[in-house]
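A short write-up of the structure that comes next.
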Amino acid sequence: MKKQIVAVIGLLGLAALQTVFVQAQNTVSTTGYVTNENNVTMMVTQQVTTRLRRTTSQGDPAAKLNYVPGAAPEMLAVPLAETIMARYPDYRTAYWKDYTYVQGYMFEAMDRLRLLTGDEKYTRYMKQYIDHFMDSEGNYKGGALTNLDNFMTGSAFCTLYKRTGDERYKKAALQILKAVADYPSSDGQFWHGNKSPNMWIDGVFMMQMFLIRCAQYVGETDYCLDIACRNILSAARHLQRPDGLLLHAWTTEPEKAIWADKQTGLSPEVWSEGMGWYTLVVPELLAILPKTHAHYNDVLNVYQKMVKGLKNVQDANTGGWFMVVDKGTNPLNFIDPSGTAMFVYAIQRGIDLGLLKEKEYASVARRGYESLYPFVRVNNQGLLDVIGACDGVTIKKDFVAYVTVNKILNAKEAVAGVLWAAVIMEKDKIAQ
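At position 349 of the sequence shown the residue is numbered 348 (numbering that gives the first Met the number 0), and the sequence of numbers has no breaks.
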């Protein structure tokens, strides 16, 4: 006969029935049941409070817009971009350091808004930020190029050169590109940081997004495209499973990484946002990669296999994707708006490029996009908030470690991801 007791303990491995988070705070309370070795079932409540160093600012407390408080507006792209600019008049103050990958991630979507609307405010916002990170001669003064994250925002220098013709942006971009040649890699994939041979799927986006924009707008096209193909294919060789989904990371020193399988060097799970970074960058490469390139078909095969895998694990009830993508039946899991937004963009981008059959994938993208609306709300100051997402997740040792990461209000990657998805899904209406 089973007995029930109540305890408050720091327990990992429980199957939770309910997860409650307090927005803008770092406290998580989880309740569930666990059976111990004596076949005693306990109801367990765990409350954890942590101080997040690498977190997100909620911005200017006086910021206001005129959107009606309550549910998400019918169209998200322009209101969300306007919210970002109102919330962070100086975009250097938004995150835990003034120069991060997230600014570059956000600018990618804002530049597409500029192309659709013709409104130069998006370019001005990008320029106002980037100009802090080069001197008057165009010398790069951004974050040290010792990790892949700091390469990502280099894509904005490339884009600003294209939009303005100012040679200083080209000079800075080429200085960033020069650092690529000496950056360490294993089996063709760059290390996430230059001190240890750990290859994160996140970093495939960070470096390759810069290389793609450099190839497109600045120069050294063949070199940039070849390096991008090399990294994308190396990541797939190690991380893509037969079902098309991709694990988070691998290492050549598994004995030094607590998350790594000691034989294979692989991390254990398919994390939504990690795979999301990869799904964003692969169609962006295919958009400019000549079909005659030696690796075009290899990259295309990786992409199509990956998207098929995503289609197969899309949640039937919501249309979204889970935090740990392939374990939706576990009650501790939850729909992740950040990863979902990334997958929506990647699938719709493939449809637009003719890489995917519209009749097979249009409903996948549409349902995924619709699943994001419950995560977007207009607050009492008329600003859009994105809820229910985690901020700054790193490689975890197991399933529970991923799904018990704190959720915060306006997690930086989620806000940018929703903007990417909104721009591509609303493009026809925006351009009218």
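From the three backbone atoms N, C-alpha and C, an ideal C-beta is built for every residue, glycine too.
Locate the alpha helix (DSSP H) running through residue i, then write down its first and last residues.
i: Thr158; result: 153–163
i: Asn458; result: No statement about residue 458 is possible, as the shown extent of the chain runs from 0 to 431 and does not include it.
i: Asp427; result: 426–429
i: Ala235; result: 220–238
What would DSSP say about residue i, mapped onto helix, strand or coil?
i: Leu245; result: strand
i: Ala71; result: coil
i: Asn197; result: strand
i: Trp320; result: coil
i: Thr82; result: helix
i: Tyr100; result: helix
i: Tyr94; result: strand
i: Gly187; result: coil
i: Gly192; result: strand
Compare the Cα-Cα distances from residue i to each of the options and report the closest residue.
i: Ala183; options: Gly308, Met198, Tyr360, Ile175; result: In the sequence on display, residue 183 carries Pro and not Ala. Nearest C-alpha to Pro183: Met198.
i: Asp242; options: Tyr160, Asp397, Asp335, Lys304; result: Lys304
i: Thr122; options: Met133, Thr158, Tyr87; result: Thr158
i: Gly327; options: Val399, Gly103, Val301; result: Val399
i: His292; options: Thr163, Asp390, Thr220; result: Thr220
i: Leu244; options: Tyr216, Ile211, Ile200, Asp260; result: Ile200
i: Thr145; options: Ser135, Gly275, Phe156, Ala178; result: Ala178
i: Val217; options: Ala248, Arg162, Ile226; result: Arg162
i: Ala315; options: Glu166, Arg366, Gly273; result: Arg366
i: Met208; options: Gly187, Gly349, Leu176; result: Leu176
i: Ile167; options: Lys126, Gly192, Met105; result: According to the sequence displayed, residue 167 carries Arg and not Ile. Measuring from the Cα of Arg167, the nearest candidate turns out to be Lys126.
i: Ser154; options: Asn409, His131, Ala172; result: Ala172
i: Thr393; options: Ile386, Gly387, Tyr401; result: Tyr401
i: Met84; options: Pro72, Lys63, Tyr277; result: Lys63
i: Tyr98; options: Tyr139, Pro68, Leu355; result: Tyr139
i: Arg236; options: Asp186, Asp110, Met133, Lys428; result: Asp186
i: Ala234; options: Phe189, Lys194, Thr263, Pro253; result: Phe189
i: Leu224; options: Tyr295, Asn300, Gly381; result: Tyr295
i: Tyr90; options: Asp130, Cys389, Asp260, Leu331; result: Asp130
i: Gln215; options: Leu279, Met105, Tyr160, Leu75; result: Tyr160
i: Lys396; options: Gly264, Lys170, Arg111, Asn193; result: Gly264
i: Gln102; options: Phe132, Leu75, Met74, Gly117; result: Phe132
i: Met74; options: Thr278, Lys356, Val375; result: Val375
i: Ala76; options: Asp165, Gly319, Ile211, Arg111; result: Arg111
i: Lys411; options: Ile226, Lys428, Tyr104; result: Tyr104
Which same chain residues end up closer than 6 Å to residue i when comparing Cβ atoms and leaving out the 5 residues on each side of it in sequence?
i: Ala256; result: Thr250
i: Met205; result: Tyr100, Leu147, Asp148, Phe150, Met151
i: Ala108; result: Leu418, Trp419, Val422
i: Arg113; result: Tyr121, Thr122
i: Asp335; result: Ser271, Met322
i: His191; result: Leu147, Asn197, Trp199, Gly202
i: Arg348; result: Pro282
i: Phe333; result: Met322
i: Val21; result: Confidence at Val21 is low in this model, with a pLDDT of 31, below 50, so the placement of that residue should be treated as unreliable; the coordinate-derived value is given next. Here the set comprises nothing.
i: Ala413; result: Pro336, Ser337, Val385, Ala388
i: Tyr518; result: Residue 518 lies beyond the stretch modelled for the chain, which goes from 0 to 431, so this question has no answer here.
i: Phe106; result: Met125, Ala155
Sorted by chain position, which residues of the same chain lie with C-beta nearer than 8 Å to residue i's C-beta, five sequence neighbours on each side aside?
i: Val298; result: Cys228, Ile231, Leu232, Val281, Leu284, Leu285, Leu288
i: Val324; result: Leu244, Val269, Trp270, Ser271, Met274, Leu309, Val312, Gly338
i: Glu119; result: Arg113
i: Asp59; result: Ala85, Arg86, Tyr87, Pro88
Quick one: residues in its chain with C-beta nearer than 7 Å to the C-beta of residue i, no 5 flanking neighbours on either side, listed in chain order?
i: Arg52; result: Confidence at Arg52 is low in this model, with a pLDDT of 48, below 50, so the placement of that residue should be treated as unreliable; the coordinate-derived value is given next. Once the five neighbours on either side are set aside, the close Cβ partners of Arg52 are Trp95.
i: Gln343; result: Inspection of the sequence shows that residue 343 is occupied by Val rather than by Gln. If we look at Val343 and ignore the five residues flanking it on each side, its Cβ neighbours are Ala364, Gly367, Tyr368, Ala420, Met424.
i: Leu238; result: Ile200, Leu245, Leu246, Trp249
i: Pro78; result: Tyr66, Pro72, Leu383
i: Asn409; result: Thr55, Gln57, Asp384, Val385
i: Lys426; result: Leu115
i: Leu371; result: Pro336, Thr339, Ala340, Val417, Ala420
i: Lys261; result: Pro253, Glu254
i: Ala430; result: Leu115
i: Cys213; result: Cys157, Ala172, Leu176, Glu219, Cys223
i: Gly318; result: Arg366, Gly367, Glu369, Ser370
Hey, is residue i close to the ligand MG, as in C-beta under 7 Å from one of its heavy atoms?
i: Ile226; result: By its list of ligands, the structure shown contains no ligand whatsoever, and the ligand MG lies outside what it can speak to.
Whole runs of the beta strand (DSSP E) within the stretch 332–409, excluding any shorter than 3 residues: Listed in chain order, they are 375–377, 383–385.
Whole runs of the alpha helix (DSSP H) within the stretch 106–185, excluding any shorter than 4 residues: With a minimum length of 4 residues, the continuous alpha helix (DSSP H) runs that stay inside the stretch 106–185 are 120–129, 148–151, 153–163, 166–177.
Hey, which unbroken runs of the beta strand (DSSP E) at 3 residues or more fall wholly within the stretch 243–294? Inside the stretch 243–294, DSSP marks whole beta strand (DSSP E) runs of 3 or more residues at positions 248–250, from first to last along the chain.
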